[in-house]
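*Asks:* When you line the sequence shown up against the numbering used here, it's residues 82 to 124, in that order.
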Amino acid sequence: SLGLRPLDTGNLKTAHWLEGAGLLLLGQAQRQKNFSLSIKFLG
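1) Suppose you measure from the CA of glutamine 113 to the CA of glycine 91; what does that come to, to the nearest Å?
2) Taking the C-alpha atoms as reference points, what is the distance between leucine 93 and leucine 107?
3) Report the option in His97, Thr95 and Gly103 whose CA atom is closest to the CA atom of leucine 85.
So, in structure tokens, the structure goes:
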């Protein structure tokens, strides 16, 4: 488990985009030792 929590993103188009972006970010984090990421949810 990665410790991630589900989040309602609205429509499926947005959820699909966020899933792809998440995979890219996880790939970058795996390759680099000093990789940090923060996400701020507005609303």
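Quick reminder that beta carbons are idealized off the backbone N, C-alpha and C, glycines included. Keep in mind the model is a prediction, meaning the values are calculated, not measured.
*Replies:* By the coordinates alone:
1) Numbered from its first residue, the sequence shown carries residue 113 at position 32. Numbered from its first residue, the sequence shown carries residue 91 at position 10. One C-alpha to the other measures close to 32 Å.
2) Taking the sequence shown and counting its residues from 1, the one referred to as residue 93 is at position 12. Taking the sequence shown and counting its residues from 1, the one referred to as residue 107 is at position 26. If I take the Cα positions, the gap works out to 21 Å.
3) Here residue 85 is taken as the residue at index 4 of the sequence shown, counted from 1. Checking every option, the nearest Cα to that of leucine 85 belongs to Gly103.
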